Amino acid sequence: MAYNKFAAVYDKLMDKSMYQQWFDYVNLIGKPTDTILELACGTGDLAVLLCKTYNVYASDLSEDMLALASQKVASIPLFQMDMCQIDVNRTFRIITCFADSLCYLKDEKSVKRAFQEAYRVLEVGGYYLFDVHSTWQMEEGYRDYVYQYCDEDTVFLWQSFPGEFPYSVEHDITCCQKIYDNEWYERFDEFHKERTYPLDSYIAWLKEAGFHTIHVTANFGQSNITETTPRWFFCCEKK
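The sequence shown begins at 757 in the working numbering and counts up by one.
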């Protein structure tokens with residue numbers, strides 16, 4: 757998936773406090789000597805935090821996201837690659853994939869492949885950490901969802917609608933950004949699709965990939981999941 761001009765807007769509007777929470781989640785099992793592969797690193801804000809403690813490699817499918825990330829974390833290796841085909845010639849003690857990035861994969865087959873690839877490049881005793889939207893979030897949390905943002909430079913509208921598959925949504929995004937040479941605004945539109953699956957399905961696919969120790973929590977590992985948990989957090993160990 758290519759984010760194109762959306763990368764800069766994503767970087768501006770993303771809730772920065774979440775990166776600290778993802779970092780704290782990694783720290784629940786991380787050790788300073790660990791080497792980490794961050795999949796779907798986006799514009800690099802989490803990598804900035806991780807590289808202060810760990811030996812970090814980061815990747816994303818979007819060239820535009822990586823261009824912004826390279827300006828923040830020039831000291832770490834960055835790779836443009838698909839999480840379903842990890843092309844790094846080493847193994848890692850921790851692999852992360854946050855911000856519901858797995859929900860952007862198009863189907864069950866792709867999710868299974870992503871799990872298999874993570875298992876393949878993990879060290880024995882290593883951990884795969886990721887989060888996904890819950891089925892409740894897809895059916896209830898995104899119902900009639902609208903997000904609007906406006907400042908002197910940017911006008912942004914995000915609307916979400918039910919998708920074509922069970923537990924899926926489609927995001928219709930419109931943004932107008934000011935062109936600084938004059939008073940005109942440039943408009944661009946994005947259309948994103950996300951999809952999740954029942955919790956039992958994720959656990960079954962992780963076991964198929966080889967994971968047998970799987971912990972699922974809510975609130976960045978701080979709470980047990982409930983029927984209305986919006987995001988599931990997975991900690992999967994390779995034995």
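We treat Cβ as the ideally placed atom computed from N, Cα and C, and that holds for glycine. Because the structure is a prediction, the values reported are computed rather than measured.
Open item on the list: residue 969 and residue 993 - do their beta-carbons sit closer together than 8 Å?
Closed with: yes
- [ ] Can you say whether residue 940 is buried or exposed, counting buried as having 16 or more other CB atoms within 10 angstroms of its CB?
- [x] Residue burial annotation: residue 940 is exposed, with fewer than 16 other C-beta atoms found within 10 angstroms of its C-beta.
- [ ] Decide if the stretch 854-867 is in contact with the stretch 825-833; the criterion is three or more beta carbon pairs, one per stretch, under 8 Å apart.
- [x] no
- [ ] Note the first and the last residue of the continuous alpha helix (DSSP H) segment covering residue 827.
- [x] 819-828
Open item on the list: Would residue 877 and residue 925 qualify as a contact pair, given that the criterion is a beta-carbon distance under 8 Å?
Closed with: With contacts defined as CB atoms closer than 8 Å, residue 877 and residue 925 fail to qualify as a contacting pair.
Task: Inter-stretch contact at 8 Å, needing at least 3 Cβ pairs: the stretch 974-985 / the stretch 773-782 - done: yes
TODO: Specify the secondary structure class of residue 908 as computed by DSSP and reduced to three states.
DONE: coil
TODO: Give a yes or no on contact between the stretch 878-886 and the stretch 894-903, applying the rule of three or more CB pairs nearer than 8 Å.
DONE: no
Open item on the list: Any contact between the stretch 890-897 and the stretch 862-878? By contact I mean 3 or more CB pairs, one from each, below 8 Å.
Closed with: no
TODO: Go ahead and label residue 984 buried or exposed: buried means 16 or more other beta carbons lie within 10 angstroms of its beta carbon, across all protein chains shown.
DONE: exposed
Open item on the list: Need the endpoints of the beta strand (DSSP E) that residue 975 sits in, please.
Closed with: Where residue 975 is concerned, there is no enclosing beta strand (DSSP E), given that its DSSP letter is neither H nor E.
Task: residue 810 vs residue 785 beta-carbon contact at 8 Å - done: no
Task: Distance between residue 891 and residue 927 (C-alpha atoms, nearest Å) - done: In this structure, the straight-line span from the alpha carbon of residue 927 to that of residue 891 is close to 16 Å.
- [ ] Report buried or exposed for residue 971, applying the criterion of at least 16 other Cβ atoms within 10 angstroms of its Cβ.
- [x] exposed
Task: Cα-Cα separation between residue 825 and residue 959, rounded to whole angstroms - done: Between residue 825 and residue 959, the C-alpha separation is close to 32 Å.
Task: Identity of the residues DSSP links to residue 813 by a beta bridge - done: 793
Task: Distance, residue 837 Cα to residue 822 Cα - done: So the two alpha carbons sit approximately 10 Å from each other.
TODO: Just the C-alpha distance for residue 859 and residue 865, rounded to the nearest angstrom, thanks.
DONE: 12 Å
Open item on the list: Less than 8 Å between the beta carbons of residue 932 and residue 765, yes or no?
Closed with: no
Open item on the list: Please identify the residue among 849, 797 and 820 whose C-alpha is closest to the C-alpha of residue 995.
Closed with: The alpha carbon of residue 995 has as its nearest neighbour, out of 849, 797 and 820, the alpha carbon of 849.
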